[in-house]
Amino acid sequence: MASYTEENIMVLEPDRDRALEIAEDLNLWGLKPCIYASHFRALGRMEEKRFPLVLASMEYTGIDGLEFCRILRKRQQLGQLDFAYIILMGENQHRTRICASFDGADDFIIYPFLRCELKWRVLSGLSRYRQHEKLQTSSMYDPATLALNEKGLKKALYQEVNRMGRKKGFLSAAVLDFKNREWMEVSLGTGLCTRVKEEVFRFLKEKLRNYDQLVRTDQDRICIISGENDIDGITGMLKRISAFIAEMEVNEPGTRDFDFSLAGSFLSVSVHSTYADITACAEHVHDWIRSRDSFSGAVTGYSGTLDENGIHVDGEPVRMHPGSGAED
Numbered sequence: 580m581a582s583y584t585e586e587n588i589m590v591l592e593p594d595r596d597r598a599l600e601i602a603e604d605l606n607l608w609g610l611k612p613c614i615y616a617s618h619f620r621a622l623g624r625m626e627e628k629r630f631p632l633v634l635a636s637m638e639y640t641g642i643d644g645l646e647f648c649r650i651l652r653k654r655q656q657l658g659q660l661d662f663a664y665i666i667l668m669g670e671n672q673h674r675t676r677i678c679a680s681f682d683g684a685d686d687f688i689i690y691p692f693l694r695c696e697l698k699w700r701v702l703s704g705l706s707r708y709r710q711h712e713k714l715q716t717s718s719m720y721d722p723a724t725l726a727l728n729e730k731g732l733k734k735a736l737y738q739e740v741n742r743m744g745r746k747k748g749f750l751s752a753a754v755l756d757f758k759n760r761e762w763m764e765v766s767l768g769t770g771l772c773t774r775v776k777e778e779v780f781r782f783l784k785e786k787l788r789n790y791d792q793l794v795r796t797d798q799d800r801i802c803i804i805s806g807e808n809d810i811d812g813i814t815g816m817l818k819r820i821s822a823f824i825a826e827m828e829v830n831e832p833g834t835r836d837f838d839f840s841l842a843g844s845f846l847s848v849s850v851h852s853t854y855a856d857i858t859a860c861a862e863h864v865h866d867w868i869r870s871r872d873s874f875s876g877a878v879t880g881y882s883g884t885l886d887e888n889g890i891h892v893d894g895e896p897v898r899m900h901p902g903s904g905a906e907d
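Position in the sequence shown counted from 1, then plus 579, gives you our numbering.
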């Protein structure tokens, strides 16, 4: 069962004794159960944490299991939540209602059920979840670097704005490129510059935090989306990235030695949004990223706030020169 040890399984069950019994079985199979007693509480938690599989009770806790499924599927279709495989759990009297619903759960199980039946349904569900993730990867990620593409960027922005809005936290974004990239491509060749850029993406995939999002934009630029990172945090991160790139050596036959350095823009905003404002706020950040079409010789950024009316910067720009930290 080693291949399943990193899976978080949501157990949505208002009966505490029943929930603990299910959690005990999941633990025995090397899984990580997270117990919730309320459907609304579970929906809120899914906006903050990924759950590949949900075991959801049909019992009413403000809404019942079928309504929970409908809300969850709607938010998934809008790109607001990640896909989760849903197994409804109910009594025999729920069977007809569950079977009549074709837009909700992926599977169901009726109490009382055998431990071996629960195990089969859970592991089968996780297998199907992984198949779905492979399909998602092909549509939302750049195949050469495994960074997010434009479609993945939009989803990541929505989720991060939602997450930071709930916490009243900071969201930072950076759009980066090699300084004088056009001239470099003429001097070194487009193919070599592309390979160097892909090496930078691989480095960033290893070094960024698990919840930082790395994007390869349509303009072939590096974009980083970083939640819970204020102006000091993002400048510190960019300083480390800049130092790595400055030390890169390109040993290509027939090419001259070349000093690589970053150019770009960054932004750190305190997110002020309600649930109704999330889409507008995410679009403001997306528009800011798409508008970065030319860079000066330094990495330059601003701090400010984000709400449904736009991005509001305050103070003087922060400049981070190649090989140095942030300067006012």
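Where a beta carbon is used, it is the ideal one built from N, C-alpha and C, also for glycine.
Within 10 Å of its beta-carbon, does Leu736 have 16 or more other beta-carbons around it, so buried, or fewer, so exposed?
It is buried - the Cβ of Leu736 has at least 16 other Cβ atoms within 10 Å.
In chain order, what residues of the same chain have a beta carbon less than 8 Å from the beta carbon of Lys784, not counting five sequence neighbours either side?
Thr724, Leu725, Ala726, Leu793
Nearest to Ile804 by CA position, among Asn759, Leu755, Glu646, Leu697, is which residue?
Leu755
Using only the alpha-carbon positions, how far apart do Gly644 and Arg709 sit?
23 Å
If Ala825 and Gly876 are in contact, beta carbons under 8 Å, what's the gap, nearest whole angstrom?
Between Gly876 and Ala825 the Cβ distance is about 14 Å, and since that is not below 8 Å, they are no contact.
With 16 as the cutoff for other CB atoms within 10 Å, does Lys758 come out buried or exposed?
buried
Please classify Ala540 as buried or exposed, where buried requires at least 16 neighbouring CB atoms within 10 angstroms.
Because the chain is modelled from 580 through 907, residue 540 falls outside the range shown and cannot be assessed.
CA-CA distance, Gly889 and Tyr639?
39 Å
Quick check on the burial criterion: 16 or more other C-beta atoms within 10 angstroms. Buried or exposed for Ser751?
buried
Rounded to whole angstroms, what is the Cα-Cα separation between Phe874 and Leu787?
C-alpha separation (whole angstroms): 23 Å.
Could you tell me the alpha carbon to alpha carbon distance between Pro901 and Thr814, rounded to whole angstroms?
Residue placement at Pro901 is flagged as unreliable, the pLDDT there being 48, under the threshold of 50; a coordinate-derived value is accordingly withheld.
Where does Thr884 fall in DSSP's three states?
strand
Is it right to say Val765 is buried, meaning 16 or more other beta carbons lie within 10 angstroms of its own, or is it exposed?
exposed
Would you check if the distance between the CB atom of Arg774 and the CB atom of Asp721 is smaller than 8 Å?
Going by beta carbons, Arg774 and Asp721 fall outside the 8 Å limit.
Taking all protein chains shown into account, decide if Arg742 is buried (16 or more other Cβ within 10 angstroms of its Cβ) or exposed.
buried
Under DSSP, the alpha helix (DSSP H) around Asp924 begins and ends at which residues?
Beyond the ends of the chain as shown, which are 580 and 907, falls residue 924; an answer cannot be given.
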